[in-house]
Structures are given as structure tokens and as C-alpha cells.
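Read the structure below first, then the notes.
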Amino acid sequence: DGGITQSPKYLFRKEGQNVTLSCEQNLNHDAMYWYRQDPGQGLRLIYYSQIVNDFQKGDIAEGYSVSREKKESFPLTVTSAQKNPTAFYLCASSIAGQGAPGANVLTFGAGSRLTVL
Amino acid sequence: DAKTTQPPSMDCAEGRAANLPCNHSTISGNEYVYWYRQIHSQGPQYIIHGLKNNETNEMASLIITEDRKSSTLILPHATLRDTAVYYCIVRGYNTDKLIFGTGTRLQVFP
Numbered sequence: 001d002g003g004i005t006q007s008p009k010y011l012f013r014k015e016g017q018n019v020t021l022s023c024e025q026n027l028n029h030d031a032m033y034w035y036r037q038d039p040g041q042g043l044r045l046i047y048y049s050q051i052v053n054d055f056q057k058g059d060i061a062e063g064y065s066v067s068r069e070k071k072e073s074f075p076l077t078v079t080s081a082q083k084n085p086t087a088f089y090l091c092a093s094s095i096a097g098q099g100a101p102g103a104n105v106l107t108f109g110a111g112s113r114l115t116v117l
Numbered sequence: 118d119a120k121t122t123q124p125p126s127m128d129c130a131e132g133r134a135a136n137l138p139c140n141h142s143t144i145s146g147n148e149y150v151y152w153y154r155q156i157h158s159q160g161p162q163y164i165i166h167g168l169k170n171n172e173t174n175e176m177a178s179l180i181i182t183e184d185r186k187s188s189t190l191i192l193p194h195a196t197l198r199d200t201a202v203y204y205c206i207v208r209g210y211n212t213d214k215l216i217f218g219t220g221t222r223l224q225v226f227p
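Here the protein sequences come in this chain order: A and B.
Quick note: the first sequence uses my numbering, first residue 1, plus one each step.
Quick note: the second sequence uses my numbering, first residue 118, plus one each step.
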């Protein structure tokens, strides 16, 4: 079955360490997204990418970095510069980005829960 | 992107219709209305979207007012598994990102 796989599901990190969250999709989607969710809150956009080797900052990109070397993969690195990294991280993808509203339906992964000790 | 306003929480009896409202009074002509839901500790799930006509699929119906300033998501026969947070999102034609608010927490009770 096609879908989005996020790993790890749970991750613990010591302060000052970088950590990378994996996101892989086999849906042949062009666009991929990373969101952050804090308890009781909605989703906030971190980064998004419409095509390989291109990505844009979302609303809360500080302290995060991404790469898009392959269509299927969009890993997110939470750096030590992120002051409050404990959160639920969600990766999503869609068929197309700008200019295709009917096709811009997002498919989400199951999420990765990061806890800083 | 137009801002949306949703009630923070709603209750619904199992088997009854759940009607979730959304106000988007600043919506512009080329902006679509999308609905997603998120069951606790899972990723959001797409439900339905529309521009100006009412839409129906196997999950729900979407009713958009004629002036497009508000919409209602209808779950015709709510079940306990429909308990979730429901997000109403308005997205512009020339915008390539979805902005999620805090949504409506729907509690379906037996």
C-alpha cells in the first residue's frame, strides 16, 4: 500500500544534540511538508518542498533544517538551535503544490514524537 | 489565506448527525474550503473539500453558503470512532501550503 512512513515513532534527545527525523513516501507525490504540533495546539508549518532540490521556510523554520535530494524523501533535522524542540512532528505529501487546488490534498504520516531530556 | 473560525468543542450522540460549522468571512473567490480530522496522536486525515457547490463523499457532506462566508461539515451518522479534532482550512489557488488552526474537538458519546 502507498503511504508515508515516518521514523522513529518516539525519540529522546539530550539538550545540545541534533536529531534527524525521517520521512519517506511512495505515493509519487511532488510536494512534501513538515509540521510541528504542541499539546492542545494546531499544526504549524516548519518547511515545505514542491520539487527535488528546492524547499521553502514555513512559519517556524528557525532551529530546523531540511533536504530534498530525492522525490521520495524529506528528512528534517532538529538542531541544537531549536530552543523548545519537544513536540509531535508530522510529515505530509501532496500530488502538486501551487496552482493545483483540486489536487492539493495532503496525506500525513503517523508522526514522530520527540522528547528532549 | 483567509482566516477560519471554529467552535473549540462540540458533542454529538452516536448515530445522530454531527454538524460542524466554520466561518470564513474573508474568503476570496479562488479559495477552496478543506476539512481534515485528527484522531488523538495520529496524523490528520483528509475528509473533503469544495469551492462553492455542496460536496458529498463516503465520509461526509460539505455545505457551503451561497455567499461562501461559512460552511458546515456534516457527518450523517456519527460513531464513536468519529471522535477527533476537525480542522476547517481555506486555501488560496496561488498558495502552496495549508495553514491549520486549532479546530473543533468533536466528542461522540454513546
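The C-beta atom is built at its ideal place from N, Cα and C for all residues, glycine as well.
With 8 Å as the threshold, decide whether the Cβ of residue i is near any Cβ in chain A.
| i | result |
| --- | --- |
| leucine 215 of chain B | yes |
| histidine 166 of chain B | yes |
With a threshold of 16 other CB atoms inside 10 Å of the CB of residue i, please say whether the residue is buried or exposed.
| i | result |
| --- | --- |
| proline 39 of chain A | exposed |
| serine 94 of chain A | buried |
| glutamate 148 of chain B | buried |
| lysine 57 of chain A | exposed |
| proline 85 of chain A | buried |
| threonine 182 of chain B | exposed |
| alanine 87 of chain A | buried |
| serine 49 of chain A | buried |
| glycine 111 of chain A | buried |
| threonine 173 of chain B | exposed |
| threonine 115 of chain A | exposed |
Less than 8 Å separating the beta-carbons of residue i and residue j?
| i | j | result |
| --- | --- | --- |
| alanine 177 of chain B | isoleucine 156 of chain B | no |
| asparagine 26 of chain A | glutamate 69 of chain A | no |
| leucine 215 of chain B | leucine 106 of chain A | yes |
| asparagine 140 of chain B | threonine 122 of chain B | yes |
| valine 225 of chain B | threonine 189 of chain B | no |
| arginine 208 of chain B | tyrosine 151 of chain B | yes |
So which residues on chain B does residue i lean against when the C-beta distance must stay under 9 Å?
| i | result |
| --- | --- |
| glycine 3 of chain A | Under the 9 Å cutoff, chain B gives no residues; its nearest Cβ is about 10 Å from glycine 3 of chain A. |
| leucine 45 of chain A | Lys214, Leu215, Ile216 and Phe217 |
Find the residues of chain B that neighbour residue i, judging by a C-beta separation of less than 7 Å, and give them in chain order.
| i | result |
| --- | --- |
| alanine 61 of chain A | Going along chain B, no residue has its Cβ under 7 Å from alanine 61 of chain A, so there is no contact; the nearest lies around 12 Å. |
| glycine 16 of chain A | By Cβ distance, chain B contributes nothing, its closest Cβ being about 27 Å from glycine 16 of chain A, past 7 Å. |
| leucine 90 of chain A | Gly160 |
Under 8 Å between C-beta atoms, does residue i make it to chain B?
| i | result |
| --- | --- |
| alanine 87 of chain A | no |
| glutamine 82 of chain A | no |
Taking Cβ-Cβ distances shorter than 9 Å, what residues in chain A pair up with residue i?
| i | result |
| --- | --- |
| glutamine 159 of chain B | Phe108, Ala110 and Gly111 |
Along chain B, in chain order, which residues have C-beta atoms closer than 8 Å to that of residue i?
| i | result |
| --- | --- |
| glutamine 41 of chain A | Thr219 |
List the residues of chain A that residue i touches, going by C-beta distances under 8 Å, in chain order.
| i | result |
| --- | --- |
| tyrosine 163 of chain B | Val105, Leu106 and Thr107 |
So residue i packs on residue j, CB below 8 Å; how close in whole Å?
| i | j | result |
| --- | --- | --- |
| glycine 220 of chain B | glycine 42 of chain A | 6 Å |
| phenylalanine 55 of chain A | tyrosine 47 of chain A | 6 Å |
| serine 187 of chain B | proline 138 of chain B | 7 Å |
Are the C-beta atoms of residue i and some chain C residue less than 8 Å apart?
| i | result |
| --- | --- |
| proline 124 of chain B | Included in the structure are the protein chains A and B, with no chain C among them. |
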